[in-house]
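Worksheet: the structure to be examined is printed underneath.
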Amino acid sequence: MLIVKKFGGTSVANKERIFNVAKRCIEDYREGHQVVVVLSAMGKQTDVLLDMAKDINPKAHKRELDMLLTTGEQTSVALMAMAMDSLGVPAVSLNAFQVAMHTTSDYGNARLRKIDAKRIRYELDNRRIVVITGFQGINKYNDYTTLGRGGSDTTAVALAAALNADACEIYTDVDGVFTADPRVVPNARKLSEITYDEMLELASLGAGVLHNRSVEMAKKYGVQLVVRSSLNTNEGTVVKEDNKMEKMLVSGVATDKNVVHFAVEGLENKPGVAFKLFHHLANHNVNVDMILQSVEHGESQDISFTVTEDMADIAMETLERHGDTSLKCDNIKMVKDVAKVSIVGAGMMSNPGVAAKMFEALYDAGINIRQISTSEIRVSVLIDEKYAEPAAQAVHDAFSLEE
Ligand code: ASP
Ligand code: MG
Numbered sequence: 010m011l012i013v014k015k016f017g018g019t020s021v022a023n024k025e026r027i028f029n030v031a032k033r034c035i036e037d038y039r040e041g042h043q044v045v046v047v048l049s050a051m052g053k054q055t056d057v058l059l060d061m062a063k064d065i066n067p068k069a070h071k072r073e074l075d076m077l078l079t080t081g082e083q084t085s086v087a088l089m090a091m092a093m094d095s096l097g098v099p100a101v102s103l104n105a106f107q108v109a110m111h112t113t114s115d116y117g118n119a120r121l122r123k124i125d126a127k128r129i130r131y132e133l134d135n136r137r138i139v140v141i142t143g144f145q146g147i148n149k150y151n152d153y154t155t156l157g158r159g160g161s162d163t164t165a166v167a168l169a170a171a172l173n174a175d176a177c178e179i180y181t182d183v184d185g186v187f188t189a190d191p192r193v194v195p196n197a198r199k200l201s202e203i204t205y206d207e208m209l210e211l212a213s214l215g216a217g218v219l220h221n222r223s224v225e226m227a228k229k230y231g232v233q234l235v236v237r238s239s240l241n242t243n244e245g246t247v248v249k250e251d252n253k254m255e256k257m258l259v260s261g262v263a264t265d266k267n268v269v270h271f272a273v274e275g276l277e278n279k280p281g282v283a284f285k286l287f288h289h290l291a292n293h294n295v296n297v298d299m300i301l302q303s304v305e306h307g308e309s310q311d312i313s314f315t316v317t318e319d320m321a322d323i324a325m326e327t328l329e330r331h332g333d334t335s336l337k338c339d340n341i342k343m344v345k346d347v348a349k350v351s352i353v354g355a356g357m358m359s360n361p362g363v364a365a366k367m368f369e370a371l372y373d374a375g376i377n378i379r380q381i382s383t384s385e386i387r388v389s390v391l392i393d394e395k396y397a398e399p400a401a402q403a404v405h406d407a408f409s410l411e412e
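Residue numbers for the sequence shown follow the numbering used here, so the first one is 10 and each next one is one higher.
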């Protein structure tokens with residue numbers, strides 16, 4: 010078998026952890042498998058590097074930032090190959106340049122385009138463990154790029170697809186994907202499996218276990234993933250294509266406090282108003298979510314939406330700048346202490362009453378809903394931030410997701 014194993018920063022945070030990972034990879038190697046290892050930077054090294062850059066030049070060019078950040082992953086792969094060698098197993102570390110992992114040009118948020126498998130195959134054929142830098146690529150100028158925070162997962166899936174691997178294992182510091190964040194809902198349960206679509210909703214809802222582009226890519230190329238802990242041998246969660254037989258009504262509850270609510274009130278009730286509003290925001294790269302246009306009241310209407318916290322000030326400035334002139338609104342309201350609680354489940358597509366059950370649970374807990382949004386397999390509500398935990402717990406209980 011050809012196995013791709015990806016280990017996150019906490020799994021390689023120190024010497025002891027590096028040897029722990031080395032040994033796990035060597036077990037597979039000794040069973041005769043071909044082993045490709047993808048690593049993140051050690052511990053919080055990426056943050057450390059970003060802080061160093063900020064200290065030198067807060068407006069550093071993104072090209073230079075990527076040049077800097079790629080050293081984090083390069084450090085881990087070299088140390089890992091050394092650790093494996095000291096345990097008597099031949100290993101070789103490769104960076105994005107040596108593999109030839111081609112990406113788009115966008116520094117800091119590049120997308121993988123093509124991976125050259127030749128060098129990797131050569132090393133595998135020579136019975137070496139191949140240890141590859143996650144998160145990085147090279148663009149058409151032969152400059153380093155990075156794939157966005159958490160991007161090593163995407164590197165691993167892309168490699169699994171390019172090498173036609175038999176397994177792609179994502180090792181992290183938790184046991185797998187849970188029905189809720191165990192820090193929020195203490196009796197949350199580990200899922201044995203989840204569909205790509207559910208995982209995508211959870212990843213973009215900030216569940217934080219997998220980079221969402223890695224899940225998109227896994228779905229596109231049919232790469233089955235296993236998410237499991239590097240610190241124990243528990244089974245983990247399999248992420249795969251929809252299994253029609255046992256679609257879960259609700260697989261999980263996600264809580265996201267990184268949201269800010271905006272209400273733009275008293276907008277003109279005529280064509281083009283929503284276009285103008287969101288066009289201005291898009292021009293400033295503000296991503297919006299949970300859009301709601303109120304029922305018109307006579308000549309005017311209100312539009313509300315949410316953005317992530319880091320975008321709140323830019324959104325406010327943009328709205329204020331255009332408020333009187335192009336948007337002609339009466340009032341702009343911003344509320345920061347809100348949270349989004351969502352349920353996700355592939356089974357809700359064909360089962361009515363799922364949303365009602367969620368709303369009932371919130372009602373019973375005395376929690377008011379500010380705004381609602383849905384997709385085919387998700388229902389999200391916006392509530393006051395102070396109720397985030399009780400809301401998640403109430404909804405989790407209502408769908409009996411506990412252990
Ligand atoms: N080291 C990078 C980060 O911290 C990439 C990764 O860990 O996946 O975002
Ligand atoms: Mg990660």
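Heads up, the beta-carbon is just placed ideally off N, CA and C, and yes, glycines get one too.
Closest in alpha carbon position to Val21, among Arg128, Met51, Pro280 and Tyr153, is Met51. In this structure, Asp311 and Ala283 do not form a Cβ contact; the two beta carbons are roughly 11 Å apart against a cut-off of 8 Å. Ala263 is bridged by DSSP to Ser351. Contact between Gly117 and Lys71 holds: CB atoms are separated by about 5 Å, below the 8 Å threshold. In this structure Ser102 is buried. Its beta-carbon is surrounded by 16 or more other beta-carbon atoms within 10 angstroms. Not one heavy atom of ligand 1 falls within 7 Å of the beta-carbon of Ser239. Here Ile179 is not near Asp152, since their CB atoms are 8 Å or more apart.
A check of alpha carbon separations from Asn221 across Lys345, Gly160 and Asp115 identifies Gly160 as the nearest. Restricting attention to alpha helix (DSSP H) runs no shorter than 4 residues, the segment 95-143 encloses them at 105-108 and 127-134, ordered along the chain. According to DSSP, Glu178 shares a beta bridge with Lys14 and Val235. Straight-line measurement puts the Cα of Met76 at about 32 Å from the Cα of Gln233. For the pair Gly97 and Gln54, the CB atoms are not nearer than the 8 Å cut-off. Counting along the chain, no alpha helix (DSSP H) covers Arg387; the unbroken beta strand (DSSP E) around it starts and ends at Arg387 to Asp393. Sequence-distant Cβ neighbours of Leu172 in its own chain, meaning closer than 8 Å and more than five residues away, are Leu11, Val13, Val45, Ala126, Ile129 and Arg130. Relative to the Cα of Ala176, the nearest Cα in the group Gln43, Ile352, Phe28 and His331 belongs to Gln43. In this structure, the beta-carbon distance from Ala370 to Ala403 falls below 8 Å. When the alpha-carbon of Val166 is set against those of Val347, Ser335 and Val47, the nearest one is in Val47. Leu211 and Cys338 have their C-alpha atoms some 35 Å from each other. In the pairwise beta carbon analysis, the segment 310-326 is classified as touching the segment 259-268: at least three pairs are separated by under 8 Å. If you keep only unbroken alpha helix (DSSP H) runs of at least 4 residues inside the segment 279-311, you get 282-292. A straight-line Cα-Cα distance of about 11 Å links Arg192 and Ala401. At least 8 Å separates the beta-carbon of Val224 from that of Val363. Taking all protein chains in view, the Cβ of Val295 is crowded by 16 or more other Cβ atoms within 10 Å, so the residue is classified as buried.
The residues Pro99, Ala100 and Val101, in chain order, have a CB closer than 8 Å to that of Arg137 in the same chain once the five nearest residues on each side in sequence are set aside. For Asn148, same chain residues with a beta-carbon under 6 Å away, outside a window of 5 residues either side, are Thr112, Ser114 and Thr154 in chain order. Residues of the same chain with a CB within less than 7 Å of the CB of Asp94, apart from the 5 flanking positions on each side, are Ala100 in chain order.
Distance from the C-beta of Asp182 to the nearest heavy atom of ligand 1 is not below 7 Å. For Val44, the uninterrupted beta strand (DSSP E) run begins and ends at Gln43 to Leu48, by DSSP. One thing to note: Thr334 has its Cβ no nearer than 8 Å to the Cβ of His289. The three-state secondary structure of Lys249, taken from DSSP, is strand. Listed as beta-bridge partners of Val268 by DSSP are Val347.
Residue nearest to Leu286 within the set Asp184, Thr383 and Met325 is Met325 (criterion: CA-CA distance). Within the DSSP bridge table, the entry for Asn340 names Glu274 as partners. For the pair Leu410 and Thr188, the CB atoms are nearer than the 8 Å cut-off.
Taking C-alpha positions only, Asn243 is separated from Val304 by approximately 51 Å. Sorting Ser351, Lys342, Glu385 and Asn377 by C-alpha distance to the C-alpha of Pro361 places Glu385 at the top.
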